[in-house]
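S.K.: Starting off with a structure, shown below.
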Amino acid sequence: MFGVVLGVVVLVLSFIVSGLNKRTPDAVNLGVWSWVSRAIAVILIVGGVLIDSVLIVPAGHRAVLMQFGAVRGELAEGIHLIVPFVNSTEIIEVRTQKEESQASAASKDLQIVTTILALNFHVEPDRVDDLYRNVGRDYVSRIIDPAVQESLKVVTAKFTAEELVKFRSQVKDQVEAEISERLAAYFIAVEPNGLSIVNFDFSPEFNKAIEEKQVAQQQAEKQRYVLQQAELEKQTQITRAEGAAQAAKLSAAALQAQGGGLVIAREWIEKWNGEVPSVSAGAGQNVILDVSSLMKQPAR
3 MFGVVLGVVV LVLSFIVSGL NKRTPDAVNL GVWSWVSRAI AVILIVGGVL
53 IDSVLIVPAG HRAVLMQFGA VRGELAEGIH LIVPFVNSTE IIEVRTQKEE
103 SQASAASKDL QIVTTILALN FHVEPDRVDD LYRNVGRDYV SRIIDPAVQE
153 SLKVVTAKFT AEELVKFRSQ VKDQVEAEIS ERLAAYFIAV EPNGLSIVNF
203 DFSPEFNKAI EEKQVAQQQA EKQRYVLQQA ELEKQTQITR AEGAAQAAKL
253 SAAALQAQGG GLVIAREWIE KWNGEVPSVS AGAGQNVILD VSSLMKQPAR
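All residue numbers for the sequence shown refer to the numbering used here, where the first residue is 3 and numbers rise by one.
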């Protein structure tokens, strides 16, 4: 288009030069410059028309074809011939695109949640003309960003702030489904697993409450551990006491069954360190025990 306009300007200038040539003396000949200007103008106009008649649609794009401003269809990638001044085109990308949006919403328990969502999407290649006719080129700001905002609000209202963190994958799937449904009406498709929730940010008051809750839980766990240790120690002491009582009961039974002197002697032998004599007399009694024979005698 620029070449055609420039050619028309040069052509007009050539006629002006031709008019000036009639008013100048014969010694000054501007006629040559006038014809040269006209030749250049013709070349520019013809070349501009030829260039404007050829449209190259790059890979991953579609061209919306318009006739006097009215949408008449779309052109696939490649080379196309159009009518200059009659047809015009708009190139629309149909490859996967990424849009990041920051959104805020209220949770089920009325906590304000702020997050950044990254959405991968593409325009349906065979519906580019419909998208341009209904929305125009600025479909990201007019359609996608509002759809992301509204979808987040709808889904966030179903979960508490704690559940948003706990069930993050479910939240993401529901938000993605909501966005896909809204954008489908405008011939924009969300890529599979095309939504990413970068992070959930809560108010400082809520973050402080969560921190205090975690501290309380840790203290409760510590106290529970102390109680468990005390109970274990208690059971250990009871077991030891029961063992000692059982041992005392067995010793008493042995005294009754085999005589006190024999049992006492055997207990003395069990504690013997090897330095006592091989025979011993009971204090105040005329009793002599043969240690070696006691050790050989089996217990009953």
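The beta carbon of each residue, even a glycine, is placed where N, CA and C say it ideally should be.
Strictly by DSSP, which residues pair up with phenylalanine 123?
M.R.: Note: phenylalanine 123 sits in a beta bridge opposite Gln99 and Val192.
S.K.: Rounding to the nearest angstrom, what Cα-Cα distance links alanine 247 and glutamine 239 in this structure?
M.R.: In a straight line, the C-alpha of alanine 247 is about 12 angstroms away from that of glutamine 239.
S.K.: How would you call valine 56, buried or exposed, if buried means at least 16 neighbouring beta carbons within 10 angstroms?
M.R.: So valine 56 counts as exposed.
S.K.: Can you check whether the CB of serine 143 is closer than 9 angstroms to the CB of arginine 184?
M.R.: No, Cβ-Cβ distance for arginine 184 and serine 143 is not below 9 angstroms.
S.K.: In whole angstroms, what is the alpha-carbon distance linking valine 115 and valine 200?
M.R.: Whole-angstrom Cα-Cα distance: 13 angstroms.
S.K.: Can you tell me whether DSSP reads aspartate 203 as helix, strand or coil?
M.R.: Strand.
S.K.: Can you tell me where the beta strand (DSSP E) holding arginine 184 begins and where it ends?
M.R.: No beta strand (DSSP E) contains arginine 184, which is instead part of the alpha helix (DSSP H) from 170-186.
S.K.: When you compare the segment 126-138 with the segment 98-107, are there three or more beta-carbon pairs, one atom per stretch, that lie closer than 8 angstroms?
M.R.: Contact fails: fewer than three Cβ-Cβ distances are below 8 angstroms.
S.K.: If you reduce the DSSP assignment to three classes, tell me which class alanine 61 lands in.
M.R.: Residue state, collapsed to three classes: coil.
S.K.: In whole angstroms, what is the alpha-carbon distance linking serine 182 and methionine 68?
M.R.: Between serine 182 and methionine 68, the C-alpha separation is close to 29 angstroms.
S.K.: In angstroms, rounded to a whole number, what distance separates the CA positions of glycine 245 and arginine 226?
M.R.: Their Cα atoms are separated by approximately 28 angstroms.
S.K.: Taking 9 angstroms as the cut-off, decide whether the C-beta atoms of valine 66 and leucine 77 are in contact.
M.R.: The answer is yes: Cβ separation under 9 angstroms.
S.K.: When the distance is taken between beta carbons, is glutamate 165 closer than 9 angstroms to lysine 110?
M.R.: Yes; because the gap between Cβ atoms is below 9 angstroms, this pair is in contact.
S.K.: So is glutamate 180 buried or exposed if we call it buried at 16+ other beta carbons inside 10 Å?
M.R.: So glutamate 180 ends up on the buried side.
S.K.: Within a Cβ cutoff of 6 angstroms, which residues of the same chain sit near serine 198, ignoring the five residues on either side of it in sequence?
M.R.: If we look at serine 198 and ignore the five residues flanking it on each side, its Cβ neighbours are Ala120.
S.K.: Below 9 angstroms between beta carbons: does that hold for threonine 117 and phenylalanine 169?
M.R.: Contact: no.
S.K.: Specify, as a first and last residue, the run of the alpha helix (DSSP H) that valine 142 falls within.
M.R.: Premise fails: valine 142 is in no alpha helix (DSSP H) and is neither H nor E.
S.K.: Would DSSP call glutamate 92 helix, strand or coil?
M.R.: It is a strand residue.
S.K.: Within the continuous beta strand (DSSP E) that includes glutamate 76, where are the two ends?
M.R.: 72-77 is the span of the beta strand (DSSP E), which, as asked, contains glutamate 76.
S.K.: Short check: CB of valine 303 to CB of phenylalanine 161, under 9 angstroms?
M.R.: Within the shown structure, residues of the chain are numbered from 3 to 302, placing residue 303 beyond reach of any answer.
S.K.: Taking C-beta to C-beta, are valine 130 and phenylalanine 70 nearer than 9 angstroms?
M.R.: Not in contact: valine 130 and phenylalanine 70 (Cβ atoms no closer than 9 angstroms).
S.K.: On the criterion of 16 or more Cβ atoms from any shown chain inside 10 Å, does valine 85 qualify as buried, or is it exposed?
M.R.: It counts as exposed.
S.K.: Strictly by DSSP, which residues pair up with leucine 234?
M.R.: Paired residue(s): none; leucine 234 is not in a bridge.
S.K.: Buried or exposed: which applies to phenylalanine 87, given that a residue is buried once 16 or more other Cβ atoms fall within 10 Å of its Cβ?
M.R.: Counting Cβ neighbours within 10 Å, phenylalanine 87 comes out exposed, since fewer than 16 surround it.
S.K.: If we count the other Cβ atoms within 10 Å of its Cβ and call it buried at 16 or more, is isoleucine 94 buried or exposed?
M.R.: Isoleucine 94 comes out buried.
S.K.: By Cβ distance below 7 angstroms, which residues in the same chain neighbour arginine 97 in space, the five residues on each side in sequence not counted?
M.R.: For arginine 97, where only same-chain residues beyond five positions count, the Cβ hits under 7 angstroms are Gly62 and His124.
S.K.: Let me make sure I understand the geometry here. Which of Leu112, Glu178 and Glu126 has the alpha-carbon closest to that of arginine 64?
M.R.: If we check each option's Cα against that of arginine 64, Glu126 comes out closest.
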